[in-house]
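**Q** Just passing along the structure, written as structure tokens.
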Amino acid sequence: RPDTKIVPPEGWFVFRPLRDTIDKKNLSVIDMRKMNDHRAGEHGFCKVDSKGFVFEDGTRPRFWGVNVYDPMKMDRDSVKTFVRQMAKSGVNLIRINGSLCNPETKQFGNCDSDLLDRLFYFIAQCKYNGIYVALANYDPADYVIKPQDGFEGYTKSETNNHPYGLLYTNEKYRNIYKK
Numbered sequence: 002r003p004d005t006k007i008v009p010p011e012g013w014f015v016f017r018p019l020r021d022t023i024d025k026k027n028l029s030v031i032d033m034r035k036m037n038d039h040r041a042g043e044h045g046f047c048k049v050d051s052k053g054f055v056f057e058d059g060t061r062p063r064f065w066g067v068n069v070y071d072p073m074k075m076d077r078d079s080v081k082t083f084v085r086q087m088a089k090s091g092v093n094l095i096r097i098n099g100s101l102c103n104p105e106t107k108q109f110g111n112c113d114s115d116l117l118d119r120l121f122y123f124i125a126q127c128k129y130n131g132i133y134v135a136l137a138n139y140d141p142a143d144y145v146i147k148p149q150d151g152f153e154g155y156t157k158s159e160t161n162n163h164p165y166g167l168l169y170t171n172e173k174y175r176n177i178y179k180k
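Okay, here's the thing in structure tokens:
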């Protein structure tokens, strides 16, 4: 706390760094942003070959990644700050988890347009800051299968009506998921 008087032991000092503004004028000596690509995608799409990851132009990336759950719940200012802080920390890959279905209705197959817009904004901020994105938006706990959804052979149990294995066993479910 800035208003607290601290007397350090002899030979020590109180470490009170300034608030990190994460701007380009006040670069920190520990800012690792320069290790990332200027913009994500500048080397083309990333794929896997027999030696590992490779971009279309032949560059071999090295990823330092984190997992983020539901970044679509952040406001735009928080997204900007978060993504810039990740880039400053050397992160160049974010795996995004979270559902795009309406959290109130949890209706399978219907993406919430507001959540989709927020996801696109998050991805755009990542790209602008040299961070690649891996989407992992399939979370069966976010969906509730109802009888009217028409998945024959799928029966609701008293403890579980989430479609944990349905993506792997039901063609209709896979086609909806691909949309």
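Residues 2 to 180 in our numbering are what the sequence shown lists, from first letter to last.
In this text, a Cβ means the ideal position worked out from N, Cα and C, and glycines have one as well.
Please confirm if the stretch 112-119 is in contact with the stretch 84-96, defined as three or more CB-CB distances below 8 Å between the two stretches.
**A** no
**Q** Grab the span of the beta strand (DSSP E) containing C47 for me, first residue to last.
**A** C47 to D50
**Q** Comparing C-alpha positions only, which one of D115, G131 and L101 sits nearest to Q86?
**A** G131
**Q** Buried or exposed for M73, going by 16 or more other Cβ atoms inside 10 Å?
**A** It counts as buried.
**Q** Whole angstroms are fine: how far does the CA of A137 sit from the CA of A41?
**A** 18 Å
**Q** For C112, I'd like the list of residues in its chain whose CB is within less than 8 Å of its CB, leaving aside the five on either flank, ordered along the chain.
**A** L101 and C102
**Q** Run the CB neighbour count on Q1, radius 10 Å, all protein chains shown included, and call it buried at 16 or more, exposed below.
**A** Lying outside 2 to 180, the shown extent of the chain, residue 1 is not represented and no answer is given.
**Q** Quickly, what does DSSP pair K98 with across the bridge? List them, please.
**A** Note that residue 98 corresponds to Asn in the displayed sequence, not to Lys. According to DSSP, which records beta bridges pairwise, N98 is partnered with Y70 and A137.
**Q** Helix, strand or coil for V55? Go by DSSP, reduced to three states.
**A** When DSSP states are grouped into helix, strand and coil, V55 belongs to the strand group.
**Q** Tell me whether P10 is buried or exposed, calling it buried when 16 or more other Cβ atoms sit within 10 Å of its Cβ.
**A** P10 comes out exposed.
**Q** Excluding the 5 residues preceding and the 5 following M1 in the sequence, name in chain order all residues of the same chain whose CB lies nearer than 7 Å to its CB.
**A** The requested residue 1 is not part of the displayed model; the chain covers only 2 to 180.
**Q** If you compare alpha carbons, which of E43, G45 and R61 is closest to S51?
**A** Minimum Cα distance to S51 is reached at R61.
**Q** By Cβ distance below 7 Å, which residues in the same chain neighbour K81 in space, the five residues on each side in sequence not counted?
**A** Q126
**Q** Considering Cα atoms alone, identify which of M75, K128 and G59 is closest to R201.
**A** Residue 201 lies beyond the range of the chain shown here (2 to 180); nothing can be said about it.
**Q** Go ahead and label F46 buried or exposed: buried means 16 or more other beta carbons lie within 10 angstroms of its beta carbon, across all protein chains shown.
**A** exposed
**Q** Take H163 as the anchor and find which of Y139, V67, E172 and N176 has the nearest alpha-carbon.
**A** Y139
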